[in-house]
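Written below as structure tokens is the structure these notes are about.
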Amino acid sequence: MAGRSFLVSSPQENNRRLLQRALKLPQVSDGVIQGKSVRLILKKDARIEEVQQHGDMPPLQVADTAPRFEDAFIDLLGGAGTAESPLGAIIHRVDGSKDETVIEAQSLTKKFGDFAATDHVDFQVKRGEIFGLLGPNGAGKSTTFKMMCGLLVPTSGKALVLGDGS
0 MAGRSFLVSS PQENNRRLLQ RALKLPQVSD GVIQGKSVRL ILKKDARIEE
50 VQQHGDMPPL QVADTAPRFE DAFIDLLGGA GTAESPLGAI IHRVDGSKDE
100 TVIEAQSLTK KFGDFAATDH VDFQVKRGEI FGLLGPNGAG KSTTFKMMCG
150 LLVPTSGKAL VLGDGS
């Protein structure tokens with residue numbers, strides 16, 4: 000496995016797309032996003048220069064890295080495979096900017112009789128942000144989430160996902 004494990008990155012492409020491209024190359028046995036890089040395991044007789052010079056790859060920054068037990072195990076199994084996910088084939092990519100608000104609650108309220116499970120909740124989540132609802136039991140986290148998913152109809156306010164409140 001020595002000389003077959005590399006960390007690669009590209010200033011021109013995000014790691015997810017870089018990994019997708021690399022896994023389609025005949026020289027690549029396996030790959031995984033690792034921190035700010037993509038960890039690639041090459042097939043036995045492949046060279047990293049072949050990956051760098053392949054027409055489907057952007058310019059790469061490459062660093063050798065020590066092989067791990069997992070690398071050898073996946074290599075023994077024959078690599079990660081190149082088949083596209085059936086689910087991935089039917090899901091379309093939604094384009095947009097990282098500054099775009101993709102999830103928004105506007106004065107979201109849900110009442111059950113006189114009890115207000117949520118009361119005028121407001122928040123915005125931008126594309127790529129990780130967002131969590133924190134609070135004690137009974138604070139309205141699940142109710143808010145159900146309204147955002149369309150499983151509960153708000154008493155008042157709006158729950159918007161990609162600008163759609165239906």
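Numbering (numbering that gives the first Met the number 0), first residue to last: 0 to 165.
Think of the CB as a built atom: it goes at the ideal place given N, C-alpha and C, for glycine as much as any other residue.
Bear in mind that the values here come from a model prediction, so they are computed numbers and not experimental data.
- Its chain contains V7, V27, G30, V37, L39, V50, M56 as the residues whose beta carbon lies nearer than 8 Å to that of A21, once the 5 sequence neighbours on both sides are disregarded; these appear in chain order.
- Distance from T108 to S155 at the Cβ level is roughly 5 Å; contact confirmed, criterion being Cβ atoms closer than 8 Å.
- For the pair S4 and T64, the CB atoms are nearer than the 9 Å cut-off.
- The segment 111 to 120 makes contact with the segment 142 to 152; the number of CB pairs closer than 8 Å reaches 3 or more.
- A71 and K42 have their C-alpha atoms roughly 11 Å apart.
- For R38, the uninterrupted beta strand (DSSP E) segment begins and ends at 36 to 41.
- K145 carries a helical assignment under DSSP once its states are collapsed to helix, strand and coil.
- For E99, there is no enclosing alpha helix (DSSP H), as DSSP marks it with neither H nor E.
- For V50, the enclosing alpha helix (DSSP H) starts and ends at 47 to 52.
- Here DSSP, grouped into helix, strand and coil, assigns K23 to coil.
- Counting along the chain, no beta strand (DSSP E) covers L150, and no H or E run does either.
- Closest in C-alpha terms to G77, from the list F122, L151, P25, L150, comes P25.
- According to the DSSP assignment, F122 belongs to the beta strand (DSSP E) that extends over 114 to 125.
- In the same chain as F122, and ignoring 5 residues on each side of it, the C-beta atoms closer than 6 Å to its own belong to A104, in chain order.
- Cβ contact annotation for V93 (same chain, cutoff 8 Å, sequence separation greater than five): L161, in chain order.
- By the beta-carbon neighbour count (other beta carbons within 10 angstroms, threshold 16), D74 is buried.
- By the neighbour-count criterion, in which a residue is buried when 16 or more other Cβ atoms sit within 10 angstroms of its Cβ, A62 is exposed.
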